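A short write-up of the structure that comes next.
Residue numbers (our numbering): 7 to 347.
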């Protein structure tokens, strides 16, 4: 199995890591020709289609579908941690025919290693790419434009020694790169990965670029001093010049939702996280209208700070609740979230 160290050893020796080439890299360059590009985290499972109005707005250049078991875990965690009192519940709806937008837009499918075998993961990649085991297109199948590789959050992955026998995101990137080079995956299929700028060193970003990632989507940029240092170092070492970085942007409607994101990113126990929670607008300090305005301003400030970071090619927008989706529409309408259209 290839480790992070092995991935680093395959690097080009360039200061910022290898520069992607080929059909997929050309498509990525076209996707990000005007920056920042916007990517939407899509709802799945029982919520599938509930964010269709956001996608139909044509403001987003890409949509990411998370791995379903992971999304189910997120939903369960969200139910336990997010304050939902006073909010209307939503039900899923049938997805209407897709709206025709004036530019090409991408669908990105997540492939999570979890506890899956190499053969299972290979099969998942082929299926998501819309090809059969020989690499030939399957008729009537809408293929993904990119695959997003993650290790996964299954508890068994944290058992002692699990890393010696479980696949991880580096293994998936290297496997997919080889399959693409050998013709089993389309040459135009882009390979994406994830990083956590609040915990991981920039070295891992370079390693993922060297392992084949053309785009790296980050976890939510919440602990600002950590994110700022990460972005500055990636820019200084030219790493973010050779791979497109899409900064994770949660739209946060409540302190409970903020707590959820901090737990999901494994930073809830850090002192900075507690300070961030204490600084979030408190409902008891204002009337309802004043609190809503303060929450909106908090999110608008996060967007502006995110866009100010060096090396950020786009934003991965993650509105998980009804109120968050409405705020996203408002930010698109008033230009707080910049759009090409």
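We treat Cβ as the ideally placed atom computed from N, Cα and C, and that holds for glycine. Keep in mind that this is a model prediction, so the values were computed, not measured.
Rounded to whole angstroms, what is the Cα-Cα separation between residue i and residue j?
i           : j           : result
residue 329 : residue 259 : 6 Å
residue 293 : residue 262 : 18 Å
residue 101 : residue 53  : Only weak support exists for where residue 101 lies, its pLDDT of 42 falling under 50; the coordinates are left without a value.
residue 43  : residue 68  : 8 Å
residue 342 : residue 310 : 8 Å
residue 125 : residue 210 : 26 Å
residue 257 : residue 182 : 32 Å
residue 56  : residue 72  : 15 Å
residue 212 : residue 119 : 21 Å
residue 30  : residue 216 : 15 Å
residue 288 : residue 296 : 10 Å
Rank the options by C-alpha distance to the C-alpha of residue i and give the top, closest one.
i           : options            : result
residue 230 : 176, 307, 159, 182 : 307
residue 152 : 144, 116, 126      : 116
residue 139 : 228, 170, 222, 185 : 185
residue 345 : 34, 321, 129, 112  : 321
residue 187 : 202, 141, 198      : 141
residue 35  : 249, 50, 305       : 249
residue 170 : 51, 296, 121       : 121
residue 132 : 174, 178, 106      : 178
residue 284 : 214, 298, 165, 264 : 264
residue 331 : 312, 305, 315      : 305
residue 255 : 227, 289, 51, 114  : 227
residue 236 : 312, 299, 221, 167 : 312
residue 218 : 315, 288, 196      : 196
residue 316 : 253, 295, 276, 280 : 253
If you measure between the beta carbons of residue i and residue j, is that distance less than 8 Å?
i           : j           : result
residue 251 : residue 200 : no
residue 333 : residue 47  : no
residue 66  : residue 111 : yes
What is the residue span of the alpha helix (DSSP H) that residue i lies within?
i           : result
residue 334 : 328 to 340
residue 239 : 230 to 242
residue 155 : Here residue 155 belongs to no alpha helix (DSSP H); instead the beta strand (DSSP E) covers 152 to 156.
residue 297 : 294 to 314
residue 247 : 245 to 248
residue 61  : 58 to 62
Taking the continuous beta strand (DSSP E) assigned at residue i, which residues delimit it?
i           : result
residue 112 : 112 to 118
residue 162 : Premise fails: residue 162 is in no beta strand (DSSP E) and is neither H nor E.
Discussion item. For the structure I just gave you, are there three or more beta carbon pairs, one from the stretch 137 to 150 and one from the stretch 204 to 211, closer than 8 Å?
Written reply: no
Worksheet item: Does the stretch 323 to 339 come within contact of the stretch 54 to 65, defined as at least 3 CB pairs closer than 8 Å?
Response: For the pair of segments examined, the stretch 323 to 339 was found to touch the stretch 54 to 65: the number of CB pairs separated by less than 8 Å reaches three.
Worksheet item: Is it true that the stretch 267 to 287 meets the stretch 241 to 249, where meeting means three or more beta-carbon pairs spaced less than 8 Å apart?
Response: no
Discussion item. Using a Cβ distance threshold of 8 Å, determine whether the stretch 186 to 198 contacts the stretch 122 to 138, with at least three qualifying pairs required.
Written reply: yes
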